[in-house]
Amino acid sequence: MRQVGEKMDYIKIRLTNNLEGLDPELHKTMENVFGSMNPMFSRYSQKWVPQMDLFETEDGITIIAALAGVDKDTLEIEINQRAVRISGSRKPPRSEGKSRFCLAEIQYGKFDRVLFLPTMIDTDKVSASFSAGMLKITMAKYRVPGPKKIPIKHIGD
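The sequence shown runs contiguously to residue 156 in numbering that gives the first Met the number 0.
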């Protein structure tokens, strides 16, 4: 037990921006945890991952994406029967006069997400809407048509 006035041992921690020698996955993790020295420039060049919900009903699948600050004109949606690709970008706000970041948590730049669907969809029955920073994509499930009876024509004897 330490006595009052006794010196404490310190652990020296040095965070460096020179992470090039690290494994790429570890480098990415370090950037995500600690961020960058200048978030305005480095964060804008990186892709960010918006939060999304995907839920299934008896008749369809719905995706809700939280895209606050994203301009609708930058959004693109591509679909096939098994996956949906959503991409776009969010621009950083213009700084007014002299300012410096005291806290930088919002990510800017491009994003690109591919969501694999739990079941096939009918690509002709898809709709999308964007309101108050929320993108909603509604898709009807693909229904396999049942057996079809083919009439047989009688051609002379």
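Every residue gets a Cβ at the ideal spot worked out from N, C-alpha and C, and that includes glycine. Just so you know, these numbers come straight off a predicted model, no measurement behind them.
Beta-carbon proximity list for residue i, same chain, < 7 Å, skipping 5 on both sides
i	result
S128	K135
Sequence-distant residues of its chain with Cβ nearer than 6 Å to residue i (five each side left out)
i	result
R112	I85
I154	none
L66	P49, G132, L134
Pick from the options that is closest to residue i, judged by C-alpha positions
i	options	result
I62	K147, A139, K71	A139
F159	D52, V69, G155	This structure does not reach residue 159, given that the chain is present from 0 up to 156, and the question cannot be answered.
R121	G108, T137, M133, S130	The displayed chain sequence assigns Asp, not Arg, to residue 121. If we check each option's Cα against that of D121, T137 comes out closest.
V125	I78, M133, I149	I78
Close Cβ partners of residue i (< 8 Å) along its chain, the five nearest in sequence each way excluded
i	result
M119	Q80, R81, K140, Y141
D58	A139, K140
Burial state of residue i (16 or more Cβ within 10 Å)
i	result
F40	With a pLDDT of 49 at F40, under the threshold of 50, the modelled position of this residue cannot be trusted; read the value that follows with caution. Exposed: under 16 other Cβ atoms inside 10 Å.
I60	buried
R89	buried
V143	exposed
K148	exposed
G87	buried
Collapsed DSSP secondary structure at residue i in the structure displayed
i	result
T137	strand
K71	helix
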